[in-house]
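In this note's numbering, the protein residues as written are 13 to 299.
All C-beta atoms in this analysis are idealised placements derived from N, C-alpha and C, irrespective of residue type, glycine included.
Let me begin by presenting the structure, written as structure tokens, before commenting on it.
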Amino acid sequence: MTQNKTYKTVVYLLFSLVVFSCADNGKKSEGSKGHKIEYRVVESASGHIDCEEIWATKDGQFQNTGIEVLGTVWIIDQRDYDGDGLEEVYVGQSSGGSAILPPFIVFFDKDSNVFRKVEFKNFDVYLNDTVEEWNGKWSFTGGNDAHYERFIFENGRIIKVDKYTRPKPEGAETLLTLSPSKMFGDETEAEAGDKKTVSYDLDGDGKNEKIECEYMHGILWGDPERDRKPTMHITIYWSKGFASDLTGEEYWLEMNVLSTKTNGVNDLSNGQKGVTYRWDGKQYKQQ
Numbered sequence: 013m014t015q016n017k018t019y020k021t022v023v024y025l026l027f028s029l030v031v032f033s034c035a036d037n038g039k040k041s042e043g044s045k046g047h048k049i050e051y052r053v054v055e056s057a058s059g060h061i062d063c064e065e066i067w068a069t070k071d072g073q074f075q076n077t078g079i080e081v082l083g084t085v086w087i088i089d090q091r092d093y094d095g096d097g098l099e100e101v102y103v104g105q106s107s108g109g110s111a112i113l114p115p116f117i118v119f120f121d122k123d124s125n126v127f128r129k130v131e132f133k134n135f136d137v138y139l140n141d142t143v144e145e146w147n148g149k150w151s152f153t154g155g156n157d158a159h160y161e162r163f164i165f166e167n168g169r170i171i172k173v174d175k176y177t178r179p180k181p182e183g184a185e186t187l188l189t190l191s192p193s194k195m196f197g198d199e200t201e202a203e204a205g206d207k208k209t210v211s212y213d214l215d216g217d218g219k220n221e222k223i224e225c226e227y228m229h230g231i232l233w234g235d236p237e238r239d240r241k242p243t244m245h246i247t248i249y250w251s252k253g254f255a256s257d258l259t260g261e262e263y264w265l266e267m268n269v270l271s272t273k274t275n276g277v278n279d280l281s282n283g284q285k286g287v288t289y290r291w292d293g294k295q296y297k298q299q
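See the structure below:
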């Protein structure tokens with residue numbers, strides 16, 4: 013079995029040397045032809061471990077970069093991100109389960125003459141599978157219209173260069189905050205599906221609405237802003253006799269009642285950066 017696997021690996025490597033220039037498993041820019049470094053994902057090519065590896069063709073030699081990953085990896089994009097004349101590669105990774113792993117960049121370190129890896133760690137947005145030109149440099153972005161962040165690769169490091177958060181409505185103050193910890197206490201004390209209610213007059217008619225909060229344990233959303241944080245399912249029972257389910261496909265980190273109003277009803281925010289809900293006359297809509 014081992015000899016057969018080794019034979020297949022050798023055959024695969026020889027085949028890759030012949031065809032690598034005719035095929036590619038990563039996205040490239042239009043001006044990416046003639047790369048000095050061409051990156052590829054190869055499964056267990058070295059024969060040392062049973063996992064995917066990042067290999068590269070540099071100066072005509074197909075070689076192992078030494079970057080090993082226990083899960084699944086794929087090439088998102090490859091080009092010269094920092095303008096040093098050598099191409100880098102933007103790589104996605106997954107554990108194969110529900111865990112979300114940060115993407116990373118593999119680059120050739122001219123000083124030490126080895127390939128290195130740097131991960132997108134400690135970021136607050138889910139990164140897009142695209143590379144955009146920004147101020148004459150290639151950049152990596154993540155987030156949405158309400159909140160986004162932008163990064164560049166420079167001197168072997170990933171640097172945050174830009175961020176935007178949509179502001180709250182002008183003059184908005186928080187009148188009421190309902191958070192999982194405030195409503196249900198410590199996460200070890202709460203059970204998924206537990207419900208508690210608070211009364212508050214949202215439409216200014218002198219009668220309180222009933223705001224029902226249903227507790228949900230933190231899960232992996234694939235969104236660093238919400239990952240593993242407890243959330244709530246929010247339902248408003250209006251004094252006029254109808255109900256509004258605010259959740260849809262979203263769960264709320266907290267519910268904030270703002271002092272500003274739209275169509276006579278208080279605006280809301282759900283604890284996510286830049287997200288505001290406004291009343292359109294019939295229901296709350298995310299803005």
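Between the C-alpha atoms of methionine 244 and aspartate 121 there is a straight-line separation of about 47 Å. Assignment of serine 124 by DSSP, reduced to helix, strand and coil, places it in the coil class.
Under DSSP, serine 211 shares a beta bridge with Lys222. One thing to note: asparagine 278 has its Cβ no nearer than 7 Å to the Cβ of leucine 190.
Cβ atoms of glycine 205 and glutamate 226 come within 8 Å of each other, at about 6 Å. A distance of 7 Å or more separates the beta carbons of serine 271 and glutamate 182. Taking a 10 Å sphere around the C-beta of threonine 142, we find fewer than 16 other C-beta atoms and assign the residue as exposed.
Check the Cα spacing between methionine 267 and each of Asn275, Thr274, Ile248, Gly276: the tightest is with Ile248. Taking a 10 Å sphere around the C-beta of glutamine 73, we find fewer than 16 other C-beta atoms and assign the residue as exposed. Taking aspartate 136 as the centre and dropping the five residues before and after it, the same chain places the C-beta of Pro236, Glu237 closer than 6 Å to its C-beta, in chain order. Distance between glycine 283 and aspartate 89, taken at the CA atoms: about 33 Å. Taken through DSSP and simplified to helix, strand or coil, phenylalanine 196 comes out as helix. Spatial neighbours of tryptophan 146 in its own chain (CB-CB distance under 8 Å, excluding positions within 5 residues in sequence) are listed in chain order as Arg162, Ile164, Val173, Asp174.
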